[in-house]
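K.L.:
Under our numbering, the first residue of the sequence shown carries the number 1, and numbering increases by one thereafter.
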Amino acid sequence: MSNKLPTRKEDYSAWYNELIKRADLAENSAVRGCMVIKPYGYAIWEKMQAALDGMFKETGHSNAYFPLFIPKSFLSKEASHVEGFAKECAVVTHYRLKNAADGSGVIVDPDAKLEEELIVRPTSETVIWSSYKNWIQSYRDLPLLINQWANVVRWEMRTRLFLRTAEFLWQEGHTAHATRQEAEAETRQMLDVYERFATEYMALPVIKGVKTANERFAGAEDTYCIEALMQDGKALQAGTSHFLGQNFAKAFDVQFTSKEGKLELVWGTSWGVSTRLIGGLIMAHSDDDGLVLPPKLAPIQVVIVPIYFNEEQLAKLDEMLYPLRDRLKKLGISTQYDNRDTQKPGWKFAEYELKGVPLRLAMGARDLEQGTIELARRDTKTKQFIPFSSVEEVVQQLLEEIQQNLYNRALSFRLDNTTLVDDYEQFKKLLDEKGGFFAAHWDGTKETEEKIKEETKATIRCIPLDAKEEAGKCIRTGMPSTKRVLFARAY
Numbered sequence: 001m002s003n004k005l006p007t008r009k010e011d012y013s014a015w016y017n018e019l020i021k022r023a024d025l026a027e028n029s030a031v032r033g034c035m036v037i038k039p040y041g042y043a044i045w046e047k048m049q050a051a052l053d054g055m056f057k058e059t060g061h062s063n064a065y066f067p068l069f070i071p072k073s074f075l076s077k078e079a080s081h082v083e084g085f086a087k088e089c090a091v092v093t094h095y096r097l098k099n100a101a102d103g104s105g106v107i108v109d110p111d112a113k114l115e116e117e118l119i120v121r122p123t124s125e126t127v128i129w130s131s132y133k134n135w136i137q138s139y140r141d142l143p144l145l146i147n148q149w150a151n152v153v154r155w156e157m158r159t160r161l162f163l164r165t166a167e168f169l170w171q172e173g174h175t176a177h178a179t180r181q182e183a184e185a186e187t188r189q190m191l192d193v194y195e196r197f198a199t200e201y202m203a204l205p206v207i208k209g210v211k212t213a214n215e216r217f218a219g220a221e222d223t224y225c226i227e228a229l230m231q232d233g234k235a236l237q238a239g240t241s242h243f244l245g246q247n248f249a250k251a252f253d254v255q256f257t258s259k260e261g262k263l264e265l266v267w268g269t270s271w272g273v274s275t276r277l278i279g280g281l282i283m284a285h286s287d288d289d290g291l292v293l294p295p296k297l298a299p300i301q302v303v304i305v306p307i308y309f310n311e312e313q314l315a316k317l318d319e320m321l322y323p324l325r326d327r328l329k330k331l332g333i334s335t336q337y338d339n340r341d342t343q344k345p346g347w348k349f350a351e352y353e354l355k356g357v358p359l360r361l362a363m364g365a366r367d368l369e370q371g372t373i374e375l376a377r378r379d380t381k382t383k384q385f386i387p388f389s390s391v392e393e394v395v396q397q398l399l400e401e402i403q404q405n406l407y408n409r410a411l412s413f414r415l416d417n418t419t420l421v422d423d424y425e426q427f428k429k430l431l432d433e434k435g436g437f438f439a440a441h442w443d444g445t446k447e448t449e450e451k452i453k454e455e456t457k458a459t460i461r462c463i464p465l466d467a468k469e470e471a472g473k474c475i476r477t478g479m480p481s482t483k484r485v486l487f488a489r490a491y
């Protein structure tokens with residue numbers, strides 16, 4: 001474990017890629033643009049899934065599953081939706097292979113062409129709303145609150161593990177409502193759920209906002225988002241919640257009979273987060289020595305390492321430490337006891353540091369005599385000796401402290417790297433020098449937004465929901481503006 005990672009300062013991208021590889025989270029697959037999520041990386045995703053799934057169920061949602069394949073004609077039904085996804089779609093044209101006549105291998109059977117091509121889902125609005133047409137007849141069938149855990153495919157030319165891959169895992173919520181007010185309330189409620197998850201579990205402060213028309217989800221009337229700031233000064237869109245209006249209800253003729261006996265169109269929402277959250281977790285907290293994981297999402301929260309020089313010492317330590325592991329597990333703390341004789345303690349310490357385990361306990365023969373144990377925190381890299389009798393109490397307290405400390409640290413970083421800016425030249429200069437979020441006035445036009453993106457590679461991440469009304473001038477055109485928006489370069 002002696003090979004050092006590239007530092008964040010030297011090469012942030014190389015640090016990120018190498019850390020994922022060394023910490024055994026994921027790797028590039030034989031399929032171009034796709035990744036293999038390895039067990040340790042998938043364990044983080046499982047923890048995210050469990051937390052989010054509980055929150056969805058608390059808010060009345062049920063899980064279902066819909067087909068991976070979508071008939072091409074479905075995508076054509078909602079004009080802006082197909083336009084938004086057309087360039088990213090993988091298309092199935094045939095249903096059979098056959099052996100080549102010359103024995104060179106298998107080829108696509110030209111006689112097995114599908115009557116209608118199938119799209120590998122880039123998102124599921126169309127196939128889900130085609131089902132909703134059959135499920136919804138009356139106001140009694142509403143609201144319909146469905147979530148799906150699935151994979152999607154969006155063809156990407158430039159990929160990066162977790163952040164942007166051709167196939168990724170996610171959840172997508174799709175709900176149907178009797179009124180605009182109910183659907184809008186659902187959209188905002190799910191945005192709040194995502195904010196709570198980011199804050200409480202990822203220890204990641206986020207800004208809630210609404211996207212500009214340019215950045216809106218294809219087929220939505222409004223897109224809300226949570227935006228986070230990574231350590232290299234770039235923004236990461238961490239979750240989105242879309243108010244679909246009646247667009248998909250019109251496209252798929254989803255109507256219901258109201259209490260008054262009138263036939264009305266349904267109102268819809270969709271919302272989702274994906275495995276890019278793992279990328280966000282890495283980039284928000286980790287350091288030059290490896291992963292730093294918030295306890296609530298760490299696959300291993302505590303590791304216990306015995307330090308021994310012979311079998312007799314190990315037997316005595318085992319007697320003490322196996323029961324400790326079991327007691328911690330009973331408290332709901334995921335704990336690993338590592339008494340392998342194939343690696344030395346120093347190697348193990350470096351391995352668990354690289355993997356971001358929040359707390360490490362170590363005990364040797366002298367500790368055994370004195371009734372103490374060494375405790376090391378991953379977030380601050382501090383060590384202390386504590387009485388063995390108080391381990392459970394101290395561990396519980398420190399896990400809570402680490403979770404809060406990581407949030408506070410990330411929040412301080414964001415506040416330190418959020419700049420109010422009114423001068424375009426200064427804006428461009430600071431973008432290159434330090435990055436971060438920039439709160440600036442914008443004249444509200446698509447043309448200005450596109451010009452700024454073209455000239456600086458910065459986009460409007462969102463119009464913050466808590467943005468104050470204030471008279472100002474657009475940073476680029478000098479035209480009047482009533483509130484600041486948030487600019488940043490982003491992943």
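For each residue, glycine too, the CB sits at the ideal point set by N, CA and C.
1. Take the Cβ of T93 as the centre, count every other Cβ of all protein chains shown within 10 Å, and call the residue buried at 16 or more, exposed below.
2. For D222, does the three-state DSSP call read helix, strand or coil?
3. T342 to K296, Cα distance in whole Å?
4. Classify F349 as helix, strand or coil using the three-state DSSP reduction.
5. Can the beta-carbon of Q231 be found less than 9 Å from the beta-carbon of F413?
6. Could you please give the first and the last residue of the uninterrupted beta strand (DSSP E) stretch that includes F438?
7. Taking the alpha-carbon of T123 as reference, which of L75, W135, D24 has the nearest alpha-carbon?
8. In angstroms, rounded to a whole number, what distance separates the CA positions of A235 and T456?
9. Considering only residues of the same chain and omitting the five flanking positions on each side of L144, which have a CB-CB separation below 7 Å?
10. Can you tell me the Cβ-Cβ gap for E156 and R164, rounded? I've got them flagged as a contact below 8 Å.
11. Can C89 and V153 be called in contact, C-beta distance under 9 Å?
12. Relative to the C-alpha of Q237, which residue among K348, I207, G41 is closest?
13. Check each candidate in G105, A203, L52, S270 and name the one with the smallest Cα separation from E400.
14. Name the one or two DSSP bridge partners that D287 has.
15. Per DSSP, what kind of secondary structure is S2 in: helix, strand or coil?
16. Pairing CB atoms from the region 313 to 324 with CB atoms from the region 365 to 384, are three or more of them under 8 Å?
17. Within its chain, find whatever has a CB closer than 7 Å to the CB of I452; leave out the 5 residues flanking it on each side and keep chain order.
18. Check whether the region 68 to 84 and the region 104 to 118 touch, using three or more Cβ-Cβ pairs below 8 Å as the test.
19. Would you call the region 267 to 274 and the region 179 to 197 touching, i.e. three or more CB-CB distances under 8 Å?
20. Using CA atoms only, rank isn't needed, just tell me which of I304, G435, L415 is closest to P345.
21. Taking DSSP's pairing of strands, which residues face L492 in a bridge?
22. Going by the CB atoms, is the gap between S13 and N147 shorter than 9 Å?
23. Quick check on the burial criterion: 16 or more other C-beta atoms within 10 angstroms. Buried or exposed for Y16?
24. Can you tell me whether W135 is helix, strand or coil according to DSSP?
25. Counting Cβ pairs closer than 8 Å, one from the region 328 to 335 and one from the region 298 to 312, do we hit at least three?
26. Going straight from the alpha carbon of E353 to that of K47, what length do you get?
27. Can you tell me whether E125 is buried or exposed, with buried defined as 16 or more other CB within 10 angstroms of its CB?
28. With respect to the beta strand (DSSP E) encompassing I300, which residues constitute its N-terminal and C-terminal limits?
29. In terms of residues, what are the limits of the alpha helix (DSSP H) holding T199?
30. Which stretch, first to last residue, makes up the alpha helix (DSSP H) that contains Q494?
31. So what does DSSP say about V357, is it helix, strand or coil?
32. For S104, which three-state DSSP category applies?
33. Quick check: what's the CA-CA separation for L486 versus N151?
34. Counting only C-beta atoms, is G60 closer than 9 Å to chain C at any point?
35. Hey, would you say S390 sits closer than 9 Å to G444, going by beta carbons?
36. Below 7 Å CB to CB, which residues in the same chain sit around S2 once its five sequence neighbours on both sides are set aside?
P.N.:
Reading it off the structure:
1. For the purposes of this step, residue 93 is taken as the residue at position 93 of the sequence shown. Exposed: under 16 other Cβ atoms inside 10 Å.
2. On the sequence shown, position 222 is the one that residue 222 refers to. If DSSP states are grouped into helix, strand and coil, D222 belongs with the strands.
3. Stepping through the sequence shown from its first residue, residue 342 is reached at position 342. Stepping through the sequence shown from its first residue, residue 296 is reached at position 296. Rounded to whole angstroms, T342 to K296 spans 30 Å at the Cα level.
4. As a working mapping, residue 349 is identified with position 349 in the sequence shown. Three-state result, F349: helix.
5. In the sequence shown, the residue the question calls residue 231 occupies position 231. In the sequence shown, the residue the question calls residue 413 occupies position 413. Yes, these two residues count as a Cβ contact at 9 Å.
6. Within the sequence shown, numbered from 1, the residue matching residue 438 stands at position 438. It spans 437 to 441 - the beta strand (DSSP E) in which F438 sits, taken as one unbroken run.
7. One-based indexing of the sequence shown puts residue 123 at position 123. Comparing Cα positions, the closest option is L75.
8. Within the sequence shown, numbered from 1, the residue matching residue 235 stands at position 235. Within the sequence shown, numbered from 1, the residue matching residue 456 stands at position 456. A235 and T456: Cα-Cα distance of roughly 14 Å.
9. Position 144 of the sequence shown, counting from 1, holds the residue named residue 144. If we look at L144 and ignore the five residues flanking it on each side, its Cβ neighbours are Y132, W135, I136, T175, A176.
10. Here residue 156 refers to the residue found at position 156 when the sequence shown is read from its first residue. Here residue 164 refers to the residue found at position 164 when the sequence shown is read from its first residue. The Cβ separation is near 6 Å, so the contact holds.
11. Along the sequence shown, one-based indexing puts residue 89 at 89. Along the sequence shown, one-based indexing puts residue 153 at 153. Taking 9 Å as the Cβ cut-off, C89 and V153 qualify as a contacting pair.
12. Working through the sequence shown from its first residue, we reach residue 237 at position 237. When each option's Cα is compared against that of Q237, the closest is I207.
13. Stepping through the sequence shown from its first residue, residue 400 is reached at position 400. When only C-alpha atoms are compared, the closest one is A203.
14. As a position in the sequence shown, residue 287 is number 287, starting the count at 1. Bridge partners of D287: G290.
15. As a first step, residue 2 is located in the sequence shown; it is residue number 2 there, counting from the start. Confidence at S2 is low in this model, with a pLDDT of 49, below 50, so its placement is unreliable and no value can be given for it.
16. yes
17. Here the question's residue 452 lines up with position 452 in the sequence shown. For I452, where only same-chain residues beyond five positions count, the Cβ hits under 7 Å are A458, R476.
18. yes
19. yes
20. Start at 1 with the first residue of the sequence shown, and residue 345 comes out as number 345. Residue I304 is the option with its Cα nearest to P345.
21. For the chain, the structure presents residues 1 to 491; residue 492 sits outside this window and is missing.
22. For the purposes of this step, residue 147 is identified with residue 147 of the sequence shown, where counting begins at 1. For the purposes of this step, residue 13 is identified with residue 13 of the sequence shown, where counting begins at 1. No. Outside cutoff.
23. Your numbering for residue 16 matches position 16 in the sequence shown. Buried, since its Cβ has 16 or more Cβ neighbours within 10 Å.
24. The residue you call residue 135 lines up with position 135 of the sequence shown. W135 falls in the helix class under three-state DSSP.
25. yes
26. Taking the first residue of the sequence shown as 1, we reach residue 353 at position 353. Taking the first residue of the sequence shown as 1, we reach residue 47 at position 47. Near 20 Å, if we compare the C-alpha coordinates of K47 and E353.
27. Here residue 125 refers to the residue found at position 125 of the sequence shown. Buried is the call here.
28. Locating residue 300 in the sequence shown gives position 300, where the first residue counts as 1. No beta strand (DSSP E) holds I300; DSSP gives it neither H nor E.
29. Within the sequence shown, the letter at position 199 stands for residue 199. Its alpha helix (DSSP H) spans residues 180 to 200.
30. Any answer about residue 494 is impossible in this case: the structure gives the chain only from 1 up to 491.
31. Indexing the sequence shown from 1 puts residue 357 at position 357. Note: V357 maps to coil in three-state DSSP.
32. Within the sequence shown, the letter at position 104 stands for residue 104. If DSSP states are grouped into helix, strand and coil, S104 belongs with coil.
33. In the sequence shown, counting from the first residue as 1, residue 486 sits at position 486. In the sequence shown, counting from the first residue as 1, residue 151 sits at position 151. Those two C-alpha atoms are separated by around 30 Å.
34. Among the chains of the structure shown, chain C does not appear; only one protein chain is present.
35. As a first step, residue 390 must be located in the sequence shown, where it is residue number 390. As a first step, residue 444 must be located in the sequence shown, where it is residue number 444. No, Cβ-Cβ distance for S390 and G444 is not below 9 Å.
36. As a working mapping, residue 2 is identified with position 2 in the sequence shown. Here the model assigns S2 a pLDDT of 49, short of 50, so the residue's position is not dependable and the matter cannot be decided.
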